[in-house]
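To start, the structure under review is shown below, and the notes come after it.
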Amino acid sequence: WLYETAKILHRDISLGNLMFRREKDHIFGVLNDFDLSCYVNETANHPASKQRTGTRPFMSIDLINPTSPVKHLYRHDLESFFHVLMFFTARYQDGKEIDSPPLQEWLTLGGEALEAQKVPFLSKSLPALTPQFASLEWYLVSMCRAIFTGRNERSYHQQGMKLLEAGLPVPLFDYETLNGHLTYKVFEGIFRREIFRDK
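Residues in the sequence shown are numbered consecutively from 5, following my numbering.
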(Lines of atoms letter the chains of each structure in order from A and count residues from 1; the text may use other names and numbers.)
(Lines give C-alpha, C1' and ligand atoms only; values in the text may rest on other atoms or scores of the structure.)
Protein backbone atom coordinates (compact mmCIF):
# COMPACT_ATOMS: atom_id res chain seq x y z
CA TRP A 1 0.00 0.00 0.00
CA LEU A 2 2.76 2.45 0.95
CA TYR A 3 4.43 2.17 -2.44
CA GLU A 4 1.53 1.45 -4.77
CA THR A 5 -1.08 3.79 -3.28
CA ALA A 6 0.77 6.49 -1.32
CA LYS A 7 3.73 6.34 -3.76
CA ILE A 8 6.29 6.46 -0.95
CA LEU A 9 9.66 4.71 -0.73
CA HIS A 10 10.69 4.07 2.88
CA ARG A 11 14.43 3.71 2.06
CA ASP A 12 15.50 2.54 5.52
CA ILE A 13 14.09 -0.93 6.12
CA SER A 14 16.11 -2.00 9.15
CA LEU A 15 15.91 -3.96 12.38
CA GLY A 16 14.89 -0.93 14.41
CA ASN A 17 12.20 0.23 12.00
CA LEU A 18 10.12 -2.95 11.86
CA MET A 19 7.72 -3.56 14.73
CA PHE A 20 4.43 -5.32 15.40
CA ARG A 21 1.31 -4.74 17.44
CA ARG A 22 -1.28 -7.15 18.78
CA GLU A 23 -5.02 -6.65 18.66
CA LYS A 24 -6.80 -9.54 20.32
CA ASP A 25 -5.85 -12.61 18.26
CA HIS A 26 -4.28 -10.65 15.39
CA ILE A 27 -0.73 -9.46 14.86
CA PHE A 28 -0.03 -6.48 12.57
CA GLY A 29 3.32 -5.45 11.15
CA VAL A 30 4.32 -1.83 11.69
CA LEU A 31 6.84 0.11 9.62
CA ASN A 32 8.07 3.26 11.36
CA ASP A 33 10.69 6.04 11.05
CA PHE A 34 10.08 7.81 7.76
CA ASP A 35 12.97 10.28 8.14
CA LEU A 36 14.68 9.00 4.97
CA SER A 37 11.54 8.29 2.97
CA CYS A 38 10.53 10.16 -0.18
CA TYR A 39 7.82 10.16 -2.80
CA VAL A 40 8.56 7.86 -5.72
CA ASN A 41 8.55 10.72 -8.23
CA GLU A 42 11.15 12.60 -6.17
CA THR A 43 13.90 10.01 -6.61
CA ALA A 44 14.61 11.09 -10.18
CA ASN A 45 15.64 14.54 -8.93
CA HIS A 46 17.80 13.40 -6.02
CA PRO A 47 21.60 13.18 -6.43
CA ALA A 48 23.20 9.76 -5.97
CA SER A 49 24.37 10.67 -2.46
CA LYS A 50 20.71 11.09 -1.39
CA GLN A 51 19.61 7.88 -3.13
CA ARG A 52 21.99 5.69 -1.16
CA THR A 53 20.11 5.70 2.12
CA GLY A 54 19.50 3.08 4.77
CA THR A 55 21.13 1.27 7.66
CA ARG A 56 24.27 -0.28 6.19
CA PRO A 57 23.95 -3.94 7.37
CA PHE A 58 20.51 -4.16 5.81
CA MET A 59 21.00 -2.10 2.65
CA SER A 60 20.51 -3.63 -0.77
CA ILE A 61 23.76 -4.74 -2.37
CA ASP A 62 23.27 -2.19 -5.15
CA LEU A 63 23.22 0.64 -2.63
CA ILE A 64 26.21 -0.38 -0.50
CA ASN A 65 29.01 0.55 -2.90
CA PRO A 66 29.55 4.31 -2.53
CA THR A 67 31.18 4.61 -5.97
CA SER A 68 28.39 3.17 -8.12
CA PRO A 69 25.64 5.39 -9.58
CA VAL A 70 22.28 4.40 -8.21
CA LYS A 71 18.61 5.25 -8.03
CA HIS A 72 16.73 3.98 -5.00
CA LEU A 73 13.99 1.61 -6.16
CA TYR A 74 11.23 -0.32 -4.46
CA ARG A 75 13.13 -3.58 -5.02
CA HIS A 76 15.95 -2.21 -2.83
CA ASP A 77 13.48 -1.97 0.07
CA LEU A 78 12.32 -5.53 -0.60
CA GLU A 79 15.91 -6.77 -0.54
CA SER A 80 16.49 -4.87 2.72
CA PHE A 81 13.48 -6.68 4.21
CA PHE A 82 15.12 -10.00 3.34
CA HIS A 83 18.40 -8.95 4.98
CA VAL A 84 16.58 -7.83 8.15
CA LEU A 85 14.61 -11.06 8.40
CA MET A 86 17.72 -13.15 7.77
CA PHE A 87 19.74 -11.21 10.34
CA PHE A 88 17.08 -11.43 13.06
CA THR A 89 16.08 -15.07 12.62
CA ALA A 90 19.71 -16.24 12.63
CA ARG A 91 20.77 -14.24 15.68
CA TYR A 92 17.86 -14.07 18.12
CA GLN A 93 16.13 -16.65 20.29
CA ASP A 94 13.31 -15.78 22.70
CA GLY A 95 13.97 -12.08 22.28
CA LYS A 96 17.68 -12.28 23.12
CA GLU A 97 20.75 -12.31 20.92
CA ILE A 98 22.49 -15.70 20.96
CA ASP A 99 26.15 -16.21 21.85
CA SER A 100 28.57 -15.82 18.91
CA PRO A 101 25.84 -14.83 16.46
CA PRO A 102 26.43 -15.16 12.70
CA LEU A 103 26.69 -12.15 10.36
CA GLN A 104 28.48 -10.14 13.04
CA GLU A 105 30.81 -8.64 10.44
CA TRP A 106 27.85 -6.93 8.74
CA LEU A 107 27.75 -4.50 11.67
CA THR A 108 31.30 -3.20 11.20
CA LEU A 109 32.32 -3.52 7.55
CA GLY A 110 32.47 -0.50 5.25
CA GLY A 111 30.78 -0.22 1.86
CA GLU A 112 33.01 -2.18 -0.50
CA ALA A 113 33.95 -4.80 2.11
CA LEU A 114 30.30 -5.37 3.02
CA GLU A 115 29.38 -5.63 -0.65
CA ALA A 116 32.10 -8.27 -1.06
CA GLN A 117 30.51 -10.23 1.81
CA LYS A 118 26.93 -9.96 0.63
CA VAL A 119 27.35 -10.86 -3.06
CA PRO A 120 28.56 -14.44 -2.43
CA PHE A 121 26.22 -14.68 0.58
CA LEU A 122 23.27 -14.91 -1.83
CA SER A 123 24.72 -17.95 -3.60
CA LYS A 124 25.78 -19.91 -0.51
CA SER A 125 23.82 -21.75 2.14
CA LEU A 126 22.18 -19.28 4.49
CA PRO A 127 23.26 -19.30 8.14
CA ALA A 128 21.30 -21.61 10.39
CA LEU A 129 18.23 -20.08 11.94
CA THR A 130 17.69 -20.27 15.67
CA PRO A 131 15.24 -22.98 16.80
CA GLN A 132 12.51 -20.41 17.38
CA PHE A 133 12.56 -19.40 13.71
CA ALA A 134 13.53 -22.67 12.02
CA SER A 135 10.10 -22.88 10.38
CA LEU A 136 10.88 -19.71 8.38
CA GLU A 137 13.81 -21.26 6.52
CA TRP A 138 11.82 -22.05 3.36
CA TYR A 139 10.61 -18.46 3.09
CA LEU A 140 14.10 -17.01 3.51
CA VAL A 141 15.60 -19.42 0.99
CA SER A 142 12.85 -18.52 -1.48
CA MET A 143 13.42 -14.77 -1.06
CA CYS A 144 17.15 -15.28 -1.44
CA ARG A 145 16.52 -17.34 -4.57
CA ALA A 146 14.42 -14.53 -6.10
CA ILE A 147 17.10 -11.91 -5.41
CA PHE A 148 19.93 -14.14 -6.65
CA THR A 149 18.08 -15.10 -9.84
CA GLY A 150 17.25 -11.48 -10.66
CA ARG A 151 20.83 -10.34 -10.10
CA ASN A 152 22.16 -13.21 -12.21
CA GLU A 153 19.83 -12.42 -15.09
CA ARG A 154 20.88 -8.78 -14.91
CA SER A 155 24.54 -9.80 -15.16
CA TYR A 156 23.81 -11.95 -18.20
CA HIS A 157 21.89 -9.10 -19.80
CA GLN A 158 24.72 -6.64 -19.17
CA GLN A 159 27.17 -9.07 -20.76
CA GLY A 160 24.79 -9.53 -23.66
CA MET A 161 24.71 -5.80 -24.32
CA LYS A 162 28.04 -6.33 -26.06
CA LEU A 163 26.07 -8.08 -28.79
CA LEU A 164 24.67 -4.70 -29.75
CA GLU A 165 28.11 -3.71 -30.99
CA ALA A 166 27.88 -6.60 -33.44
CA GLY A 167 24.41 -5.54 -34.52
CA LEU A 168 22.68 -8.49 -32.84
CA PRO A 169 19.40 -8.11 -30.92
CA VAL A 170 19.43 -8.15 -27.15
CA PRO A 171 16.26 -9.03 -25.18
CA LEU A 172 14.76 -6.28 -23.05
CA PHE A 173 15.40 -6.35 -19.32
CA ASP A 174 13.38 -4.67 -16.58
CA TYR A 175 16.01 -3.18 -14.25
CA GLU A 176 13.39 -1.77 -11.88
CA THR A 177 12.24 -5.25 -10.80
CA LEU A 178 15.23 -7.35 -11.93
CA ASN A 179 13.05 -8.70 -14.71
CA GLY A 180 10.08 -9.34 -12.45
CA HIS A 181 11.97 -11.35 -9.84
CA LEU A 182 11.89 -8.69 -7.13
CA THR A 183 8.37 -7.34 -6.69
CA TYR A 184 5.77 -7.18 -3.95
CA LYS A 185 3.76 -9.84 -5.78
CA VAL A 186 6.72 -12.22 -5.78
CA PHE A 187 7.31 -11.76 -2.05
CA GLU A 188 3.59 -12.06 -1.35
CA GLY A 189 3.52 -15.26 -3.41
CA ILE A 190 6.39 -16.63 -1.36
CA PHE A 191 4.64 -15.95 1.93
CA ARG A 192 1.45 -17.47 0.56
CA ARG A 193 3.56 -20.41 -0.68
CA GLU A 194 2.34 -19.83 -4.24
CA ILE A 195 5.87 -19.50 -5.63
CA PHE A 196 8.75 -22.02 -5.57
CA ARG A 197 6.40 -24.73 -4.30
CA ASP A 198 8.80 -27.34 -5.66
CA LYS A 199 11.17 -26.57 -2.78
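Backbone N, C-alpha and C define an ideal beta-carbon position, used for all residues, glycine too.
Model, not experiment: these values are computed from the prediction.
If you count every other CB in all the chains shown that lies within 10 Å of the CB of residue i, and 16 or more means buried, which is it?
i      : result
ALA138 : exposed
ARG79  : buried
MET207 : Any answer about residue 207 is impossible in this case: the structure gives the chain only from 5 up to 203.
ALA132 : exposed
ILE68  : buried
LYS122 : buried
HIS30  : exposed
MET90  : buried
PHE195 : exposed
GLY99  : exposed
Tell me which same chain residues have a C-beta within less than 8 Å of the C-beta of residue i, skipping the five on either side of it?
i      : result
LEU111 : PRO61
ASP39  : ASP16
PHE152 : LEU126 and SER127
LEU168 : VAL174
LYS189 : none
Quick one: grab the DSSP three-state call for residue i.
i      : result
PHE125 : helix
LEU89  : helix
ILE12  : strand
TYR43  : strand
LEU67  : helix
ILE194 : helix
LEU107 : coil
LYS189 : helix
List the DSSP bridge partners of residue i.
i     : result
PHE32 : ARG25
GLN97 : LYS100
With a threshold of 6 Å on Cβ separation, who are the neighbours of residue i within its own chain once the five nearest residues in sequence on each side are excluded?
i      : result
GLU141 : LEU133
ASP37  : ASN21
At which residue ranges does the segment 137 to 180 contain complete alpha helix (DSSP H) runs of 4 or more residues, listed in the order of the chain? Complete alpha helix (DSSP H) runs here, min 4: 141 to 164.
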